[in-house]
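Throughout the sequence shown, residue numbering follows this note's numbering, covering 9 to 580 in sequence.
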Amino acid sequence: MNKFLQNKYSLSPEGAKKMSKGVIYSALLNISFMLPMMIVFLFLDESLNIYKFHTQARYTPIYYIILVPLTIVCIYLANRLQYDSVYTTTYTEIAKKRISLSEHMRKLPLSFFNKRDLSDLTATIMSDMESMEHAYSHSVPPFYGNIISVCLIGLMIASMNVKMAIALMWPFPLGLALIFAARNKMIRLEKIHHDEKLKVSDSIQEILENILPIKGYQRQEKTLDEFKIQLDEEEEKHLKAEISIPLMLGPISSLLRLGVLSSILVGIGQYTSGGLSLAQYLGLLIACLVIYSPMDACLAFIIEFMLVQIPSERMKEIFNTELMTGQDVDINNFDIELKNVTFGYDDTMVIKDVSFLAKQGQTTALVGPSGCGKSTLTKLMLRFWDVNSGQIKLGGVDIRDIDPESLLKHYSIVFQDVILFNNTIMENIRIGKKNATDQEVMEAAKIAQLDDFIQNLPDGYMTKIGENGALLSGGERQRISIARAILKDAPIIFLDESTSSVDADNETKIQKALSKLIKNKTVIIIAHRLRTVENADQIIVLDEGRIVEEGSSDELIANQGLFYKLWKNQKQ
Numbered sequence: 009m010n011k012f013l014q015n016k017y018s019l020s021p022e023g024a025k026k027m028s029k030g031v032i033y034s035a036l037l038n039i040s041f042m043l044p045m046m047i048v049f050l051f052l053d054e055s056l057n058i059y060k061f062h063t064q065a066r067y068t069p070i071y072y073i074i075l076v077p078l079t080i081v082c083i084y085l086a087n088r089l090q091y092d093s094v095y096t097t098t099y100t101e102i103a104k105k106r107i108s109l110s111e112h113m114r115k116l117p118l119s120f121f122n123k124r125d126l127s128d129l130t131a132t133i134m135s136d137m138e139s140m141e142h143a144y145s146h147s148v149p150p151f152y153g154n155i156i157s158v159c160l161i162g163l164m165i166a167s168m169n170v171k172m173a174i175a176l177m178w179p180f181p182l183g184l185a186l187i188f189a190a191r192n193k194m195i196r197l198e199k200i201h202h203d204e205k206l207k208v209s210d211s212i213q214e215i216l217e218n219i220l221p222i223k224g225y226q227r228q229e230k231t232l233d234e235f236k237i238q239l240d241e242e243e244e245k246h247l248k249a250e251i252s253i254p255l256m257l258g259p260i261s262s263l264l265r266l267g268v269l270s271s272i273l274v275g276i277g278q279y280t281s282g283g284l285s286l287a288q289y290l291g292l293l294i295a296c297l298v299i300y301s302p303m304d305a306c307l308a309f310i311i312e313f314m315l316v317q318i319p320s321e322r323m324k325e326i327f328n329t330e331l332m333t334g335q336d337v338d339i340n341n342f343d344i345e346l347k348n349v350t351f352g353y354d355d356t357m358v359i360k361d362v363s364f365l366a367k368q369g370q371t372t373a374l375v376g377p378s379g380c381g382k383s384t385l386t387k388l389m390l391r392f393w394d395v396n397s398g399q400i401k402l403g404g405v406d407i408r409d410i411d412p413e414s415l416l417k418h419y420s421i422v423f424q425d426v427i428l429f430n431n432t433i434m435e436n437i438r439i440g441k442k443n444a445t446d447q448e449v450m451e452a453a454k455i456a457q458l459d460d461f462i463q464n465l466p467d468g469y470m471t472k473i474g475e476n477g478a479l480l481s482g483g484e485r486q487r488i489s490i491a492r493a494i495l496k497d498a499p500i501i502f503l504d505e506s507t508s509s510v511d512a513d514n515e516t517k518i519q520k521a522l523s524k525l526i527k528n529k530t531v532i533i534i535a536h537r538l539r540t541v542e543n544a545d546q547i548i549v550l551d552e553g554r555i556v557e558e559g560s561s562d563e564l565i566a567n568q569g570l571f572y573k574l575w576k577n578q579k580q
């Protein structure tokens, strides 16, 4: 059973072992529920014998007084053992799955996240896992435990009276057939509801992220009306999915009760014809009543297993997404070379046959009109995506052969959109180097022109900056990102619009600070303001995903090509 549960539900060996125990304890719990009825049966059998045959009582009252608490203890122990082996195991296994899923997602290419909404992925990690957790803890062990107890009790009834066993069990396969006949419809309705619920989550996230423009343009009422319509649609889909389950379970439960009724009638017929004694009939009747609950539960669990396939398949889809692989390679030369690189999103090519060499110790600037592919090209060098064709080499090694995390150790990055965490300024800068001392963090902040600003805050470096740096200005957020890059001190630096959110005075100071940082390093700069890259050793001019010019600033101005046009427009 261990191997079966391990393979069927993707459990760890230890988890499968404990789950197997839970199945056994669940079966024992179901059987233990027969004990009170067996005590009643013994008492009735004894009373009938005394009344009919005027015999002496075989059991004294003290016997029954002892049996009752013993029965309670047996039920409690079976229930407690099942709980300890199932629920704690389930919580541990789901926690492992969440961590495993997060680890897997961490190694996925950025293209995967472009196709999936944040709320969708959050739902998979949280609510989908919660559905599986509920199935693992409340359904899997009881289901198999009920199957075992139904088989054992059914065999006991059949060994005593085959006709009553047949009369009892005939509705069970019919109920199974009805469930599987309605399977596709129930899954379809549940999937429609699940998709609608994700749309509502997306809308909530979108409203919260855009609350400023919504208020600024006085669209609160219209936004709320649109959201109410979405909620009504979600509620409608939810009701349709929910009502399909009782509509199915109601008739099936009635059908199973019909089986119990059939067995009672067959038993009465046999008793009146002399085929059964009253004691035998009462014993079989008790067994028939006890077996009804696990039979009914089995069919309900089958429906839950069908519906839990939806979150399970969503999780498997993520696990089946191909990871970016590679080795931990020693890099001694930090030249970045692009050879005939082509890349596109789906069928749209955005980078077309790009080749250039960014040498160590030199600054290479990527410029061009908006949408020309500068940021995409940078992300390819960072290996956020893999190229469709061509090669990107770091120190002569194809970056597809380098483990993505190992590759990123060589990079310091200043993103255009700065991501900050709801923590102190100290810890937000320390992200650049997790083991950095407070003094190192402060030195990096000074170089990034942050120290004076931070010292004027009430709590200095220990000031919390709010969610995603909500309490900071754009320039302050940008300089924290620059401080991270300075702190990391990696051999390759990517500056994506690094001075786009700072004033002219701070921009000059930052450029001076960066000039000290980039010595003997490979530097890739993206900038719309061409004056920030006038001193670059090499400027790559992109247009519609292709290199149209390359050279120094003076050379490109003399050529009077696209760079010259952009430069001239910005000077006016």
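C-beta: ideal position from N, C-alpha, C; glycine also.
Query                                                                                                                                                                              : Result
Taking Cβ positions only, does L109 come closer than 8 Å to chain D?                                                                                                               : This model lacks chain D altogether, as it is built from one protein chain only.
DSSP three-state label for S20, please.                                                                                                                                            : coil
Which ranges does the beta strand (DSSP E) cover as unbroken runs of at least 3 residues, wholly within the segment 395-435, from first to last along the chain?                   : 397-402 and 419-422
So for Y225, helix, strand or coil by DSSP?                                                                                                                                        : coil
My parser needs the alpha helix (DSSP H) runs of 4 or more residues fully inside the segment 173-222; what are they?                                                               : 179-217
Using the C-alpha atoms, what's the distance from E214 back to L550?                                                                                                               : 33 Å
Using the DSSP secondary-structure output, state which residues sit across from V349 in a beta bridge.                                                                             : V362
Is the separation between the beta-carbon of P150 and that of S34 shorter than 8 Å?                                                                                                : yes
Between the Cα of A308 and those of H146, L269 and G381, spot the shortest distance and give me the residue it belongs to.                                                         : H146
If we require 4 or more residues per run, which alpha helix (DSSP H) segments fall completely within the segment 309-335?                                                          : 317-327
Whose C-beta lies closer than 8 Å to the C-beta of H418 among residues of the same chain, with five residues either side of it excluded?                                           : I339, F342, L402, A498, P499 and I500
Closest to S383 by C-alpha separation, out of L415, V422 and D409, would be which residue?                                                                                         : V422
Kindly list the residues whose CB is nearer than 6 Å to the CB of Q399, restricted to its own chain and excluding five residues on each side of it in sequence; keep chain order.  : K347 and D406
For D551, report the span of its beta strand (DSSP E) as first-last.                                                                                                               : Q546 to D551
Around the C-beta of R485, are 16 or more other C-beta atoms found within 10 angstroms, so that it is buried, or is it exposed?                                                    : buried
Give me whichever residues DSSP pairs with D504 in a beta bridge.                                                                                                                  : I534
Mapping the DSSP letters down to three states, classify A166 as helix, strand or coil.                                                                                             : helix
Since D361 and T350 are thought to touch, with beta carbons under 8 Å apart, how far apart are those beta carbons, to the nearest angstrom?                                        : 6 Å
Can you tell me whether P412 is buried or exposed? The criterion is at least 16 other CB atoms within 10 Å of its CB, across all chains shown.                                     : buried
How is I439 classed by DSSP in three states: helix, strand or coil?                                                                                                                : coil
Would you decide whether L13 is buried or exposed? Buried here means 16 or more other CB atoms lie within 10 Å of its CB.                                                          : buried
Indicate whether M45 and I260 have their beta-carbon atoms separated by less than 8 Å.                                                                                             : no
Thinking C-beta only, is Y300 closer than 8 Å to V274?                                                                                                                             : no
Check whether the segment 388-398 touches the segment 565-572, taking contact to mean three or more Cβ pairs, one atom from each stretch, closer than 8 Å.                         : no
With 16 other CB atoms within 10 Å as the buried threshold, where does N192 fall?                                                                                                  : exposed
Please report the straight-line C-alpha distance between H536 and I555, rounded to a whole angstrom.                                                                               : 16 Å
Quick check: what's the CA-CA separation for Y144 versus I326?                                                                                                                     : 20 Å
Would you mind stating whether K105 and M137 have Cβ atoms separated by less than 8 Å?                                                                                             : yes
Might you give, ordered along the chain, the residues of its own chain that have their beta carbon closer than 7 Å to the beta carbon of L182, omitting 5 neighbours on each side? : L263
At which residues does the beta strand (DSSP E) containing R124 begin and terminate?                                                                                               : First-last for R124: undefined, no H or E at that position.
Just grab the DSSP bridge partners of R554 for me.                                                                                                                                 : D551
Helix, strand or coil: how does DSSP classify I294 here?                                                                                                                           : helix
Since I83 and F41 are thought to touch, with beta carbons under 8 Å apart, how far apart are those beta carbons, to the nearest angstrom?                                          : 7 Å
If we call anything under 8 Å between Cβ atoms a contact, is A493 one with S420?                                                                                                   : yes
For a test of the three-state rule: what should DSSP assign to T471, helix, strand or coil?                                                                                        : coil
What did DSSP end up calling V31 once you bin it into helix, strand or coil?                                                                                                       : helix
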